[in-house]
Ligand SMILES: O=C[C@H](O)[C@H](O)COP(=O)(O)O
Ligand SMILES: C=C(OP(=O)(O)O)C(=O)O
Ligand SMILES: [Mn+2]
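In the UniProt record's numbering, the protein residues as written are 1 to 390.
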């Protein structure tokens with residue numbers, strides 16, 4: 001077995017990390033992770049980057065979709081197969097017909113970590129650490145389950161490995177669904193910064209396409225440092241506080257040589273900020289970073305609490321943001337390269353619209369462990385509206 005003694009250690013501070021309850025256990029788990037085979041091969045990473053070249057140049061569209069956070073109990077073959085089939089159906093809708101003109105990426109096979117707005121929540125009068133994704137703690141609202149437990153990283157690796165295997169072996173290589181997740185928990189990700197033995201370049205071995213979220217994209221933070229280090233196609237979420245200069249600095253830091261297929265920016269501004277800033281931000285990219293791929297996530301900027309307390313998003317807001325962004329792109333002769341959605345093939349009632357009312361949010365079909373997802377019918381509709389908005 002290969003021992004990867006030179007584990008990558010970030011120089012900068014990382015946001016949104018948990019303090020693990022048992023430091024000795026963490027050392028043990030980290031050592032184990034470093035000894036495991038990477039979950040994606042350098043060849044696969046290169047092959048996705050190749051496909052992303054076509055996205056950069058406007059010859060293919062990009063689709064990224066899946067759960068906000070994957071539950072550990074949805075890794076049986078049936079569930080994974082259903083999610084792959086669903087992404088393929090969305091791609092077919094995006095392409096109109098033959099979906100080989102779409103690069104398809106799931107939030108799948110490792111989307112286990114959640115950055116949160118608050119560290120704690122009150123549940124029935126008790127103050128508890130908030131759920132941060134299965135890789136960190138349990139969803140069950142007890143002190144024990146919510147305590148960050150490094151042993152959960154074993155499970156993350158094993159379940160990802162199983163799903164990766166299924167993804168790699170049940171699909172045609174040329175038109176497969178690739179994997180992606182938010183590279184958040186650096187104790188996990190760092191163990192898989194590996195060197196390609198042929199090219200000598202580093203790449204991240206946990207997923208084909210890692211992204212960094214809105215809460216951890218500080219230009220001097222450890223998460224951006226991680227993306228700088230690796231040669232995967234990488235993505236960053238862009239929220240309403242981004243400035244023109246900030247955008248320029250981010251592109252220079254992650255794609256200094258302006259390579260095609262390298263950098264995806266996922267805009268999640270929300271309706272109000274999309275109206276105000278889309279043009280300014282798109283202009284900046286047109287000026288300085290033309291080969292950056294521009295993707296819209298019309299969901300994360302539009303999260304609201306319904307009167308009944310449930311987190312939700314309305315299809316109206318989602319559609320509006322897409323239309324506003326698309327018209328700003330047209331006005332600035334910019335291309336939108338794709339769409340990013342939180343969606344599930346299951347018949348959930350989490351987002352409002354197309355037959356789902358606020359009352360439906362209280363039903364047993366509200367099953368997300370974090371953010372509200374589109375159900376299959378809603379997701380197909382949103383992809384269609386997106387396509388028509390371009
Ligand atoms: O998925 C994204 C974030 O983790 C999520 O929107 C944060 O939600 P919160 O505001 O409930 O912490
Ligand atoms: C955390 C997420 O998004 P953002 O960083 O855009 O809030 C997410 O995609 O689940
Ligand atoms: Mn989310």
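Using N, Cα and C, we set each Cβ at its ideal position, and we do this for glycine too.
These figures come from a predicted structure and were not determined experimentally.
Note the first and the last residue of the continuous beta strand (DSSP E) segment covering residue i.
{"i": "residue 122", "result": "120-123"}
{"i": "residue 264", "result": "263-267"}
{"i": "residue 374", "result": "Taken as a continuous stretch (DSSP letters only), residue 374 belongs to no beta strand (DSSP E), as it is neither H nor E."}
{"i": "residue 293", "result": "293-296"}
{"i": "residue 128", "result": "126-129"}
{"i": "residue 179", "result": "177-182"}
{"i": "residue 104", "result": "102-107"}
Hey, residue i and residue j: beta-carbon distance below 9 Å or not?
{"i": "residue 63", "j": "residue 84", "result": "no"}
{"i": "residue 129", "j": "residue 139", "result": "no"}
{"i": "residue 237", "j": "residue 217", "result": "yes"}
{"i": "residue 391", "j": "residue 338", "result": "Any question about residue 391 goes unanswered here, given that the chain covers just 1 to 390."}
{"i": "residue 317", "j": "residue 385", "result": "no"}
{"i": "residue 94", "j": "residue 208", "result": "no"}
{"i": "residue 56", "j": "residue 297", "result": "no"}
{"i": "residue 105", "j": "residue 180", "result": "yes"}
{"i": "residue 15", "j": "residue 330", "result": "no"}
{"i": "residue 36", "j": "residue 203", "result": "no"}
{"i": "residue 17", "j": "residue 193", "result": "no"}
{"i": "residue 60", "j": "residue 101", "result": "yes"}
{"i": "residue 172", "j": "residue 22", "result": "no"}
{"i": "residue 190", "j": "residue 226", "result": "yes"}
Can you tell me the Cα-Cα spacing of residue i and residue j, whole angstroms?
{"i": "residue 229", "j": "residue 290", "result": "22 Å"}
{"i": "residue 342", "j": "residue 65", "result": "6 Å"}
{"i": "residue 361", "j": "residue 241", "result": "30 Å"}
{"i": "residue 355", "j": "residue 323", "result": "22 Å"}
{"i": "residue 351", "j": "residue 154", "result": "33 Å"}
{"i": "residue 231", "j": "residue 205", "result": "11 Å"}
{"i": "residue 43", "j": "residue 26", "result": "30 Å"}
{"i": "residue 166", "j": "residue 32", "result": "23 Å"}
{"i": "residue 334", "j": "residue 286", "result": "7 Å"}
{"i": "residue 52", "j": "residue 123", "result": "44 Å"}
{"i": "residue 89", "j": "residue 210", "result": "23 Å"}
{"i": "residue 67", "j": "residue 79", "result": "12 Å"}
{"i": "residue 276", "j": "residue 248", "result": "18 Å"}
{"i": "residue 264", "j": "residue 125", "result": "42 Å"}
{"i": "residue 405", "j": "residue 389", "result": "An answer regarding residue 405 cannot be provided, because it is not within the stretch 1 to 390 covered by the chain."}
{"i": "residue 38", "j": "residue 45", "result": "12 Å"}
{"i": "residue 1", "j": "residue 198", "result": "Reliability fails at residue 1, whose pLDDT of 39 lies under 50, so the model's placement of it is uncertain and no value is given."}
{"i": "residue 175", "j": "residue 345", "result": "20 Å"}
{"i": "residue 408", "j": "residue 98", "result": "There is simply no residue 408 to check, as the chain begins at 1 and stops at 390 in what is shown."}
{"i": "residue 321", "j": "residue 224", "result": "27 Å"}
{"i": "residue 76", "j": "residue 108", "result": "13 Å"}
{"i": "residue 145", "j": "residue 127", "result": "13 Å"}
{"i": "residue 353", "j": "residue 268", "result": "20 Å"}
{"i": "residue 366", "j": "residue 195", "result": "42 Å"}
{"i": "residue 279", "j": "residue 235", "result": "20 Å"}
{"i": "residue 383", "j": "residue 58", "result": "18 Å"}
{"i": "residue 72", "j": "residue 163", "result": "11 Å"}
{"i": "residue 243", "j": "residue 305", "result": "27 Å"}
{"i": "residue 11", "j": "residue 349", "result": "43 Å"}
{"i": "residue 28", "j": "residue 74", "result": "27 Å"}
Starting from residue i, follow the alpha helix (DSSP H) in both directions and report where the run begins and ends.
{"i": "residue 195", "result": "No alpha helix (DSSP H) contains residue 195, which is instead part of the beta strand (DSSP E) from 193-195."}
{"i": "residue 152", "result": "152-169"}
{"i": "residue 29", "result": "23-35"}
{"i": "residue 279", "result": "271-288"}
{"i": "residue 186", "result": "186-189"}
{"i": "residue 146", "result": "143-146"}
Determine, using beta carbons only, whether residue i comes closer than 9 Å to chain C.
{"i": "residue 364", "result": "Absent from the structure: chain C. Only one protein chain is present."}
Less than 8 Å separating the Cβ of residue i from some heavy atom of ligand 4?
{"i": "residue 340", "result": "Among the ligands modelled here, namely ligand 1, ligand 2 and ligand 3, ligand 4 does not occur."}
Give the list of continuous alpha helix (DSSP H) stretches no shorter than 4 residues that lie fully inside the segment 326-356.
none
Ordered list of beta strand (DSSP E) runs contained in the segment 56-91, each at least 3 residues:
61-66
Segments of 4+ residues assigned as alpha helix (DSSP H) that fall wholly inside the segment 204-243
222-229
Between the segment 175-195 and the segment 101-113, are three or more C-beta pairs nearer than 8 Å?
yes
Check whether the segment 303-315 touches the segment 369-381, taking contact to mean three or more Cβ pairs, one atom from each stretch, closer than 8 Å.
yes
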